[in-house]
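Peer 1: Numbering (this note's numbering), first residue to last: 585 to 755. Each residue gets a CB set at the ideal place from its N, CA and C atoms; glycine is no exception. This structure is in structure tokens; I'll ask about it shortly.
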Ligand SMILES: CC(C)(COP(=O)(O)OP(=O)(O)OC[C@H]1O[C@@H](n2cnc3c(N)ncnc32)[C@H](O)[C@@H]1OP(=O)(O)O)[C@@H](O)C(=O)NCCC(=O)NCCS
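This is the structure:
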């Protein structure tokens with residue numbers, strides 16, 4: 585069965601280093617968040633069409649998707665969503681040793697809220713979700729040229745385990 589909600593402990597609070605702390609509550613997405621989530625997705629993955637994102641969002645709320653399996657939103661105030669973490673469980677991941685790896689499929693914070701601990705709060709809640717799913721490893725990836733993402737991952741305790749080149753050809 586596809587799990588669509590997470591049971592989190594206390595709401596996760598953002599932590600400031602780069603700027604003033606932005607207190608956020610991290611919670612599971614509900615169908616009422618579809619519009620806000622769509623906006624975050626379009627900003628993170630502009631190469632996808634709005635129709636494609638809508639189809640995936642609908643599929644998620646219908647319980648039809650394993651990727652993402654869970655979606656966490658960071659909310660500054662009720663209705664003011666400033667970040668998202670999309671999560672799955674992968675049977676394998678680069679550098680991992682187990683066959684149920686919690687995976688950060690998507691991670692995005694709106695530009696005005698960055699460097700204020702929101703990404704950290706999302707990852708902390710994602711880790712809690714992963715542990716609740718019985719996972720003991722958490723993995724992620726980023727484009728090789730995304731230096732901010734690499735720095736943020738490392739600041740949050742991830743180790744770099746490889747870099748991959750992708751190829752294609754017509755058949
Ligand atoms: C990556 C991203 C989600 C981080 O969100 P954020 O809210 O700014 O992150 P935080 O403020 O919680 O910072 C977490 C850690 O990352 C580090 N970090 C964040 N942005 C950084 C930057 N621009 N340069 C260097 N380090 C950075 C911080 O130092 C922080 O560690 P610290 O608190 O110990 O100092 C955000 O920059 C983003 O949405 N980027 C665009 C989308 C993207 O690239 N997503 C990742 C795709 S894999």
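1. Among 663, 703, 633, which has the Cα closest to the Cα of residue 617?
2. Between the beta-carbon of residue 668 and the beta-carbon of residue 719, is there less than 8 Å?
3. Is residue 715 near ligand 1, with its Cβ less than 7 Å from a heavy atom?
4. Report the residue ranges of all beta strand (DSSP E) runs contained in full by the segment 694-738; include only those spanning at least 3 residues, in chain order.
5. Jot down the residue ranges of each uninterrupted alpha helix (DSSP H) in the segment 632-677, minimum 4 residues, whole runs only, in chain order.
6. With respect to the beta strand (DSSP E) encompassing residue 611, which residues constitute its N-terminal and C-terminal limits?
7. Looking at the structure shown, is residue 741 part of a helix, part of a strand, or coil, going by DSSP?
8. Roughly how many whole angstroms lie between the Cα atoms of residue 642 and residue 727?
9. Does residue 691 come out as helix, strand or coil in the three-state DSSP assignment?
10. What does residue 685 pair with, by DSSP beta-bridge criteria?
11. Could you please give the first and the last residue of the uninterrupted alpha helix (DSSP H) stretch that includes residue 627?
12. With 16 as the cutoff for other CB atoms within 10 Å, does residue 650 come out buried or exposed?
13. Let me confirm a value: residue 680 is counted as buried when at least 16 other C-beta atoms fall within 10 Å, else exposed. Which label applies?
14. Could you pull out every residue in the same chain whose Cβ sits closer than 7 Å to the Cβ of residue 692, ignoring the five residues on either side in sequence?
15. Mind checking whether the beta-carbon of residue 726 lies closer than 7 Å to any heavy atom of ligand 1?
16. Should residue 701 be counted as a contact of ligand 1 given a C-beta to heavy atom distance under 7 Å?
17. Determine the direct distance from the alpha carbon of residue 698 to that of residue 600, and round the result to whole angstroms.
Peer 2: Per the coordinate set shown:
1. If we check each option's Cα against that of residue 617, 663 comes out closest.
2. Taking 8 Å as the Cβ cut-off, residue 668 and residue 719 do not qualify as a contacting pair.
3. In this structure, residue 715 has its beta carbon at no less than 7 Å from each heavy atom of ligand 1.
4. Counting whole runs of 3 or more residues, the segment 694-738 contains the beta strand (DSSP E) stretches 722-724.
5. For the segment 632-677, whole alpha helix (DSSP H) runs of length 4 or above, ordered along the chain, are 634-645.
6. Per DSSP, residue 611 is one residue of the beta strand (DSSP E) stretching across 609-612.
7. If DSSP states are grouped into helix, strand and coil, residue 741 belongs with coil.
8. Looking at the two C-alpha atoms, the distance is approximately 27 Å.
9. The three-state secondary structure of residue 691, taken from DSSP, is strand.
10. Note: residue 685 sits in a beta bridge opposite 674.
11. Counting along the chain, the alpha helix (DSSP H) containing residue 627 begins and ends at 618-628.
12. Looking at its Cβ environment, which holds fewer than 16 other Cβ atoms inside 10 Å, residue 650 is exposed.
13. By the neighbour-count rule (16 or more Cβ atoms within 10 Å), residue 680 is buried.
14. The residues 624, 627, 628, 667, 668, in chain order, have a CB closer than 7 Å to that of residue 692 in the same chain once the five nearest residues on each side in sequence are set aside.
15. Checking the Cβ of residue 726 against ligand 1 gives yes.
16. True, at least one ligand heavy atom lies under 7 Å from that Cβ.
17. Residue confidence for residue 600 is low, a pLDDT of 45 falling below 50, so the modelled location carries little weight; the figure read from the coordinates is stated next. C-alpha separation (whole angstroms): 10 Å.
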